[in-house]
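Numbering (the working numbering), first residue to last: -11 to 196.
Even for Gly, the Cβ is constructed at its ideal location relative to N, Cα and C.
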């Protein structure tokens, strides 16, 4: 086939439609990759928020300053953290609903289970937490790429509407994760203060 024959079979309208489809796929994958990056970049951090109570307590000696720091710390993990958790829970749920045919109740359970697992492992090692945070989303992307026929935008919106009937479960799941975070955060602080006191005691005994 000559070049002229090849060119004669090409159509601007046909090419535009094909490229439009490709553009949609590229934008979707870029968006998903950005989501995965943001997910394991923020959700997997042990200290999500920039405030650090222990450093502030050491730097600010007045009782008023300490009270303010405690209030800020409580604000972080009793107000901001639940919002943070529910946001990522919603994002993960949407992607699971889009890529999975499981029941909505099961998807919500698995979504919050993933969020809780990422938060718990972040206290052990952030690298492990990051691996979990990006492993599941990339695995879902692989499923999507190998069976794109199962994705339906109309079906997605229909299934998302079903989530509204499970709002109580979502709240209970959120409370559970917040409680876990609070217990682990307090335990970390207590152990941290105890380690610092033991270190100071050891140094004082050594200097005496």
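Since I believe residue 20 is in contact with residue 173 (beta carbons under 8 Å), could you give me their beta-carbon distance rounded to a whole number of angstroms? With a Cβ gap of about 31 Å, residue 173 and residue 20 do not count as contacting.
In three-state terms, what does DSSP make of residue 34? coil
Could you give the distance in angstroms between the alpha-carbon of residue 130 and the alpha-carbon of residue 25? 16 Å
Straight-line gap, residue 69 to residue 83 (C-alpha atoms, nearest Å): 21 Å
In angstroms, rounded to a whole number, what distance separates the CA positions of residue 205 and residue 143? Lying outside -11 to 196, the shown extent of the chain, residue 205 is not represented and no answer is given.
Does DSSP put residue 119 in a helix, a strand or coil? helix
From residue 30 to residue 71, what does the alpha carbon distance come to, in whole angstroms? 14 Å
Among 111, 102, 133 and -1, nearest to residue 122 - alpha-carbon criterion: 102
Pull up the distance between the alpha-carbon of residue 177 and that of residue 63, whole angstroms please. 16 Å
Count the other CB atoms within 10 Å of the CB of residue 6; is the residue buried (16 or more) or exposed (fewer)? exposed
Which residues mark the beginning and the end of the alpha helix (DSSP H) in which residue 25 is found? 0 to 26
What's the call for residue 49, buried or exposed, on a 16-neighbour Cβ count within 10 Å? In this prediction, residue 49 has a pLDDT of 49, which is less than 50 and means its spatial position is unreliable; nothing more can be read from the coordinates.
Report yes if the C-beta distance between residue 168 and residue 79 is below 8 Å; otherwise report no. no
From residue 200 to residue 23, what distance separates their C-alpha atoms? Past the edges of the chain, shown from -11 to 196, lies residue 200, and the structure says nothing about it.
Does residue 212 pass the burial test, meaning 16 or more other C-beta atoms within 10 Å, or should it be called exposed? With the chain covering -11 to 196 only, the question about residue 212 has no answer from this structure.
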